[in-house]
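A short worksheet on the structure shown next.
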Amino acid sequence: MGRGRGRPRKLVPPSPHRRTPNTPPAHSTPAHTTELGVTEDEDADAVPLDETHVPPLDSDPTSDRTRKLWVDVLSGNQNPANGLAMEFVAPNGIDGEVVVEIEDADVESEVKFWASSLIMYVLGGDLSMGAVKQFMIRHWNFVKLPDMFYNEESYFILRDMLRTLPIWVKLPQLPLYLWGTRSLSKIGSALGKPLVTDECTAHKLRVSYARMLIEMDVTQCLPHEITIRDSEGNTRKQLVEYEWKPLFCDKCQKIGHLCATDPPKKVHKQWQPKPAVVSDAPSPPPAAQPVMETTDKWTTVSGSGKAKGNCVTADTPTNRVQCSNGFGPLGTLNGTLVIHDTGQLLIETRVKCTKADSIRTKLRLAGKYLDNYTSHANGRIWLNWNDNIIDVRLVKSSAQMIHCGLYDSNGIFLSWFTAIYALNHLDQRRRLWLELEDIHHAQQGPWCLMGDFNNVLKAADRIGGRMVHESEYSDFASMMDSVGLSEMDSLGDYYTWSNKQVDGVIYSRIDRVLGNVDWFQMNIDSTLTVMDPGISDHSLLCLTGPVHIPPQKSHFKFLNCVSTLPDFSDCVTQSWNAPLAGRPLSVLWKKLLRLQPVIRKIIKACTEEVIKWSEMEEQMLMQKSKIEWLRLGDGNNHYFHASLKAKHRQCALRAIYKEDGTLPTNHEDMEQEVLQLYGNLMGRADDNLRGIDIIAMRSGPQISSAQRELLITPITEGEIYTALKSIGDLKAPGLDGYGAHFFKSTWSIIKKDFLAAVWEFFYENNMYSAVNSTLATLIPKHSAAKTIKEYRPISCCTTIFKGTVGSVAPPKCMMQLDLQKAYDTVDWHALQHILREVGLPNQFIHWIMLGVTYVSYKFNIHGRHTGFMKARRGLRQGDPISPLLFVIVMEYLHRILQQLTKVPDFNFHSKCEHLNIINLSFADDLLIFTRGDIISVELVMAKLQTFSQSTGLIVNPSKCKVYYGGVDDLVKNNIRAVTSFADGSLPFRYLGVPLTSKKLSIHHYMPLIDRIVERIYSWSAKLLSHAAHVAWDHVCSSKAHGGLNLISLEEWNQANLAKLLWNIHNKADSLWIRWIHSYYIKQGQLMTMPVNNSCSWVWKAILKQREVLLQIQGWEHLNSKIITRKVYQLLRGDHPSVAWKATMYHNIARPRAIFIFWLACHERLATKDRLRKFGLNVDAKCCFCHHDETTNHLFLECTVMKDVWQKVLRWMNVDHSSLEWHAELQ
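Structure, rendered in structure tokens:
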């Protein structure tokens, strides 16, 4: 037999104990067959000594026969470039003898490399590696082969043995009706991947037991029985026997022994010459072992023509509102309007003045009223109120508004109120905006505006019809900005008007409630609901007070600032060190609960002290300065309070419809609705799921033995503290109320108990249920959320848990899929099975499942916590490990879909075939690509069904879309019938980004711009201290150059595109970059290839960055890790440094003072000389000394300011005479 490729040539001296080509072994023939079944004539690899080219030690080195050239010595296997670089380490000398001492650290890597290995001897012959490999390929072709190494002592080493091995399995006394191929396959699939049966089972030659060869995961516990259920629901237990059952140690991830059967011992390995000596010593205990009123508001009814009018019933105590179409045209009433609210606003009534009283009588509008008949013939606005509750006093009336003041029954002023019904023409509405600005200048206090403004406010406020342009709403937005008005968020439908057409339908948002800062602060808990329009083209707006919530004791929450108090550490130590009995996790939890009243007492005393000193500071400043604006303070506290209120308002369940379409009447009904929905989602497991497809899972990458061992290495104290430090101090706490800052600031006190609790979880596999209890807060998915399903439950886990678990073209078709309640419906059994098939160790899976399954929820509704709900399935949104687990579940879907690559009938999308792309997913956002034919789509849907039946994750057809390219109508109809998905159209949003085949225009960006503008102009942002107009280039400059170091978006975008070009040029490991090379670049050169007109606009923009590279002299001098920042800096160019940078950026003054100083340095303060330059008619004189006011005069020349500077400098013991402003900056 010829010499194998992987086996080195060796020198074999004649020996009676070893065969050579000239010395055949005893009792054998030159040609024989080994146990592996490989025939071998002779070992051609053995080379006699007299044929070797290596000279004997006593030979003449100058002999021609033995001389070798350097090129021969340094070639092939002896080439230094292919070897392992070494270093000189001075040996030790003991008694005059050179001794090489090997330490444990020297051999640690090699011991670990060979730890999971088997030694294989081949009896009866000396085979080459090639022969053995060929045998393994022929007979073990159904599994991945291990790494193989050859030793000259005639044995092989097999490393990184497989997790899955073929094992013969017996099924004793299996009923004969289950001996069919289909039945045996199903039974075998419950154990692993069935391969074949033996001959007796195949031909039923022996019926006492069935035997089959099954590929099984030897790292898992092999079952001894399985349950079989027939079509009638009858079940039986079937015994399972194994002819060979390999031992696997889950602790050290090795085959052949079980650590659990022997007492734990620590083996000290010491290198010795052969034979090796291993000494055992008793192991110390593991390091991980611990030592143990409700206010009613206004209702607006608006409509057009005959369809104007709704019947409204409102129960005052609960603010319950129900709508029904009570009447048709106002001229022929067939219903009654019954209202018990504080007030009602009806617009576009189209009732003549002579008939107004009779109509009010028929509508039973009791109380007092206002209208604008004096300004418009049809009296377009009616305002009615209950005079026993509120008093309305008219201030001004016009054709488009009624402005009045609201007072309580005692005559105390409440707020200003303006009823709006704007006219259709833009010029007429501009007159209304001017009227509102005049009102603003003539009054102070809270102000609310409500009604039909007949104007959109942003691009997203209309769908259908003509495109929204900025000119359409710029006047309206400018008025709101100058007056200080903001729009109130609403519940229910976003759009308030529609043209009620079947073809060419238009929806727009033109009815709204506006308010100034003062009004929002007074009415932060009020709710605006957009209700069903009924027969009207306008929706009913209902503004109500907060839902009445029974008083409840406030829940504990640790305030980070408390840790800075002088008595904090002593109080925590005294409470913590009091002994408690129990297991470590329960002891830690009980000590935290015991500490709560202590910290509450500290917080209360601290709060009272802060309030007292804050009031004293305010009074002192006001008395000294006599300036009224100081009532707002200087630290933007009003802004922080307003932002907090706005955040609470956003998260509040203000008006949530039940499944039957009704509104809850009280807090208990709302709580019951929440518990019922999530009880069905997460509190109930699906008992009728199929097992996962292990063939699909095993076809992808698996966890290696080294990785498995790494995952279950002992957890050290340093790792625990590192995980704790990685949790942000501002992260929301769990049910215990303690954030990460508490544990960090008290680490020296709680360290012992915290470590013991974590080690109990990892080494004793215990989880204390209270630690894993979760406080779920419901966050709306969008601003128009009106059912519980449109809220996302975000779980606030305890810090203890976080610290424990802490990375004509061919037809085309694309499906955008939505998984219904994806995180909440993941089946736990499927998750556990998928984790096993990926190759994670059993111990690691057990840790994960402890954190996933021992979960109970409390829901936070209006600050009150519901009772506990035990979870039966799902992953918590907010748990740091949940996204990683969900990605692994989606990997199962990817591997299922990849099976279609081997199905002949499946056709790829024309731009996906080169890379075998079928799906792209980011968390639960999923895109699937196929050719536009019915067979390919049917195959995909079948795989999705398999995925759903295994994992419990169901596709929601109502939210799924199909996008077609070059598909005829007949095929489209067939695909619709198979999928039940609606047709999609470009552009659509994926991961928040609009995707389209054409370059994005300005109206595509308007929703993003509108959201940014909303944040800037929100009512809470109006409480910020200062604003000024500064050139954007100055703002984006670095701090050394006098700027604020904000990002210039245009140049940052160019830098990011340059980074993309860099990655494409260097072929970074990315699916998208491989796709670019496959379909765009192909065999071309990136830096010289022409730009094809048919290319995507994105690709054109990236190639355009080649010109940017010329500006910065190429990228040879750039580092790939910092290329974006470096290119950005090069594009920004060099600017001179400012002399005042140290004064500006190493200053501990208040941010407001620093910002004013920065404006002064740039000469952008609104001094009177600059205001006059802008054309404003203001007095240019200083209010103190009556000289012209400039920046220099304001800070240095004014006599009052000079006096201030002298006192400050004298107090600081600084001798300095003030100079001119620019000289001072230098």
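The opening position of the sequence shown corresponds to residue 1 in UniProt numbering, with each subsequent residue numbered one higher.
Heads up, the beta-carbon is just placed ideally off N, CA and C, and yes, glycines get one too.
Since the model is a prediction, treat every value here as computed from it, not as a measurement.
Judged by pairs of C-beta atoms under 8 Å, the segment 1213-1222 touches the segment 1189-1203, as three or more such pairs exist. Here the C-alpha atom of glutamate 487 lies approximately 24 Å from the C-alpha atom of glycine 534.
Its Cα nearest to that of arginine 1164, the residue Thr1190 stands out among Thr1190, Ala1180, Lys870.
With respect to the 8 Å criterion, proline 701 and aspartate 250 are not classified as neighbours on the basis of their beta carbons. Using a Cβ-Cβ distance cut-off of 8 Å, the segment 826-846 and the segment 899-917 are not in contact, since fewer than three pairs of beta carbons, one from each stretch, lie closer than that value. Between aspartate 1169 and phenylalanine 1195, the alpha-carbon positions lie close to 14 Å from each other.
When secondary structure is reduced to three states using DSSP, isoleucine 1002 falls in the helix class. Only exposed fits arginine 206, as fewer than 16 other CB atoms lie within 10 angstroms of its CB.
For aspartate 493 and aspartate 511, the gap between their C-alpha atoms comes out near 12 Å. When rounded, the separation of the alpha-carbon atoms in tryptophan 1075 and proline 880 is 32 Å. Take histidine 441, set aside five residues on each side of it, and no residue of its chain has a beta-carbon closer than 6 Å to its own. Residues of the same chain with their beta carbon placed closer than 6 Å to that of tryptophan 747 are lacking, with the five preceding and five following residues left out of the count. Secondary structure of glutamine 1054 (DSSP, three-state): helix. The beta carbon of phenylalanine 947 sits closer than 6 Å to the beta carbons of Leu893, Ile896 from its chain, once the five residues preceding and following it are set aside; these are given in chain order. Runs of the alpha helix (DSSP H) spanning 4 or more residues and lying entirely within the segment 922-953 occur at 934-951, in chain order.
Assignment of histidine 403 by DSSP, reduced to helix, strand and coil, places it in the strand class.
Taking 8 Å as the cut-off, the Cβ atoms of aspartate 567 and methionine 682 do not count as close. Threonine 544 is bridged by DSSP to Thr527. Setting aside the 5 residues that flank it on each side, phenylalanine 1157 has no residue in the same chain whose C-beta is closer than 6 Å to its C-beta. Comparing C-alpha distances from lysine 821 to each of Gly863, Arg873, Tyr854, Asn772 shows the shortest one belongs to Arg873.
Close CB contacts of glycine 515 within its chain, under the 8 Å cut and outside five residues either way in sequence, are with Pro446, Trp447, Cys448, Leu449, Leu485, Ser486, Met488, Asn523, Trp1019 (chain order). The beta carbon of glutamate 225 sits closer than 8 Å to those of Lys237, Gln238, Leu239, Val240, all from its chain and outside the five residues before and after it, given in chain order. Its Cα nearest to that of leucine 775, the residue His555 stands out among Arg836, Leu585, His555.
Using a C-beta cut-off of 8 Å, the segment 88-95 makes no contact with the segment 109-121, since fewer than three inter-stretch Cβ pairs fall below that distance.
By the criterion of a C-beta distance shorter than 8 Å, alanine 1139 is surrounded in its chain by Leu1225, Gln1226, once the five residues flanking it on both sides are discounted. The beta carbon of alanine 399 sits closer than 6 Å to the beta carbons of Ser375, His376 from its chain, once the five residues preceding and following it are set aside; these are given in chain order. Taking 8 Å as the cut-off, the beta carbon of alanine 1058 is found closer than this to the beta carbon of leucine 1109. Under the Cβ criterion (8 Å, minimum of three pairs), the segment 153-168 counts as touching the segment 202-218. For threonine 825, the secondary structure class from DSSP, reduced to helix, strand or coil, is helix. Per the Cβ contact rule, the segment 148-160 is not in contact with the segment 186-195 (fewer than 3 Cβ pairs under 8 Å). Membership of tyrosine 473 in the alpha helix (DSSP H) is indicated by the continuous run 470-483. Runs of the beta strand (DSSP E) lying entirely within the segment 183-239, each at least 3 residues long, are 193-197, 209-217, 225-229, 235-239 in chain order. In summary, aspartate 753 is buried, with 16 or more beta-carbon neighbours lying within 10 Å of its beta-carbon over all protein chains present. Non-local beta-carbon contacts of glycine 1042 in its own chain, meaning distances under 6 Å to residues more than five positions away in sequence, involve Val1138 in chain order. By the Cβ criterion, the segment 782-797 is not in contact with the segment 595-603, since fewer than three pairs of Cβ atoms, one from each stretch, lie closer than 8 Å. Judged by DSSP in its simplified three-state form, serine 958 adopts helix.
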